[in-house]
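Here the structure is laid out as structure tokens; the discussion comes afterwards.
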Amino acid sequence: MPSIRCICIGAGAAGRAVLKALSRAHGFQCDLLIDRSRRGSHDLPIRRDVPKVLPDCELLLLAVQDRELPALVEELRHRSGPKPGVVAHLSAATPLAVLNPLQALGWQPALLHPLQSFPPDHSDLWEKEPHIPWWGLCGTEAATSMLSRLLDSLGAQYRVLDEDEQLAWHLSAVWVSNLLPALLEQALQLWAPERRGEMRSALLPIMSQTLRHQELAQASGQPAFSGPLRRGDTVSLRRHLDWLAEHGSTRAGLSYRLLSATLLELLESRGENPLAADPALRAELLALPRPDGRED
857 MPSIRCICIG
867 AGAAGRAVLK
877 ALSRAHGFQC
887 DLLIDRSRRG
897 SHDLPIRRDV
907 PKVLPDCELL
917 LLAVQDRELP
927 ALVEELRHRS
937 GPKPGVVAHL
947 SAATPLAVLN
957 PLQALGWQPA
967 LLHPLQSFPP
977 DHSDLWEKEP
987 HIPWWGLCGT
997 EAATSMLSRL
1007 LDSLGAQYRV
1017 LDEDEQLAWH
1027 LSAVWVSNLL
1037 PALLEQALQL
1047 WAPERRGEMR
1057 SALLPIMSQT
1067 LRHQELAQAS
1077 GQPAFSGPLR
1087 RGDTVSLRRH
1097 LDWLAEHGST
1107 RAGLSYRLLS
1117 ATLLELLESR
1127 GENPLAADPA
1137 LRAELLALPR
1147 PDGRED
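The sequence shown lines up with residues 857 to 1152 when you count with our numbering.
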């Protein structure tokens, strides 16, 4: 593929990870990294400010936080050079319209979203995994064409998104990555503080096993469900609810019911009826609490 010269503005966790992944592509070269945040150390030529005249590039990568994008775009609108190419930001939660001022100057706007988590306090973890297996793309035909060729050369998988799919894509990623640790912490809060370290060690393997089971079951097209709800163990379910009502937090009880209701609806959509013997329990799980604390 033709060479792609890149200027990257922003060197936080996502920016560094994306550059590291793209650097494996044949013909990709980051000529300039601009990092005003001083958030990391880099091996690339680096500036702490945006030059008044930008060097030529085929890809201008905006790897800053969502709230910083509008001001950065406005700043770039007043910079001269280079010949407009593709300008891409990394946040699927931010509409492409944020790039409209640059599109008016001839730039081809795009979203390039890495489907991976980058805990900023644990860069040693994701920096050992330079390959990002899945990406989300959105933008003009010219922009997505160039970026898809770039990802093809990496052997990465990607989905070209419609603009109205961006938030669903981002929410899905947040659900299974950013919120998953919160689910673990909620389980740990059922224990006294002095026992939580031991329980974390006990629960992490079963979390990993569950995810492996989902991956292995993907070929069948059916998720790998298990547990008391799946087998219709109403005695255990009622004991769980009673224990949470007495010992758990209101939030933990609500979370358990909401997730159980979701699982129950999924099972019923597959023709299973695990709570047929206890319609009152089924109704209790499916009754959604309202903000005023009452139930529908």
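Positions of the beta carbon are idealized from the N, C-alpha and C atoms, including for glycine.
Let me know if residue i comes out buried or exposed under the rule of 16 or more other beta-carbons within 10 Å of its beta-carbon.
| i | result |
| --- | --- |
| Glu914 | buried |
| Leu891 | Checking the sequence shown, residue 891 turns out to be Asp, not Leu. Buried, since its Cβ has 16 or more Cβ neighbours within 10 Å. |
| Pro970 | buried |
| Gly871 | buried |
| Thr1066 | exposed |
| Lys929 | Per the sequence shown, the amino acid found at residue 929 is Val instead of Lys. Per the 10 Å Cβ criterion, buried. |
| Thr1000 | buried |
| Gly883 | exposed |
| Arg1113 | buried |
| Pro1130 | buried |
| Trp1031 | exposed |
| Leu1027 | exposed |
| Leu1093 | buried |
| Pro1003 | The residue asked about is misnamed: residue 1003 is Leu in this sequence, not Pro. Buried, by the Cβ-count rule. |
Using DSSP with H/G/I as helix, E/B as strand and the rest coil, what is residue i?
| i | result |
| --- | --- |
| Leu1027 | helix |
Between residue i and the rest of its own chain, which residues show a CB-CB distance below 7 Å, the 5 nearest in sequence each way excluded?
| i | result |
| --- | --- |
| Val1091 | none |
| Ser973 | Ser1033, Asn1034 |
| Asp1089 | none |
| Pro856 | No information on residue 856 is available, as it lies outside the stretch 857 to 1152 that the chain covers here. |
Looking only at its chain, what residues have a beta carbon closer than 8 Å to the beta carbon of residue i, apart from the 5 residues adjacent to it on each side?
| i | result |
| --- | --- |
| Gly1109 | Leu1097, Leu1100, Ala1101 |
| Leu1040 | Arg1056, Leu1059, Leu1060, Met1063 |
| Lys908 | Arg935, Ser936 |
| Asp922 | Ser947, Ala949, Thr950 |
Could you give the distance in angstroms between the alpha-carbon of residue i and the alpha-carbon of residue j?
| i | j | result |
| --- | --- | --- |
| Pro965 | Glu1121 | 40 Å |
| Ala1117 | Leu1072 | 24 Å |
| Gln1070 | Gln1022 | 24 Å |
| Ala1132 | Ser1125 | 14 Å |
| Asp1134 | Leu1046 | 27 Å |
| Leu1123 | Ala1139 | 15 Å |
| Gln1013 | Trp991 | 6 Å |
| Cys886 | Arg1086 | 51 Å |
| Ser1082 | Leu925 | 44 Å |
| Leu967 | Leu955 | 10 Å |
| Pro938 | Ala867 | 21 Å |
| Leu888 | Ala1043 | 45 Å |
| Glu931 | Ile860 | 24 Å |
| Leu1036 | Ala1029 | 10 Å |
| Glu1128 | Ala1048 | 37 Å |
Who are the Cβ neighbours of residue i in its own chain at under 6 Å, not counting the five residues just before and after it?
| i | result |
| --- | --- |
| Thr996 | Gln964 |
| Val1016 | Leu993, Thr1000 |
| Leu1137 | Thr1090, Leu1131 |
| Leu878 | Phe884 |
| Can you list, in chain order, the stretches of the alpha helix (DSSP H) that have 4 or more residues and sit fully within the stretch 1055-1123? | The stretch 1055-1123 contains these whole alpha helix (DSSP H) runs: 1090-1103.
| query | What are the complete beta strand (DSSP E) segments, minimum 3 residues, inside the stretch 862-933? | reply | Considered as a whole, the stretch 862-933 harbours 884-890, 915-918 as its complete beta strand (DSSP E) runs of no fewer than 3 residues, in chain order.
| task | Could you tell me which uninterrupted beta strand (DSSP E) segments, each at least 3 residues in length, are contained entirely in the stretch 935-1017, listed from first to last along the chain? | result | 942-945, 964-970, 990-995, 1013-1016
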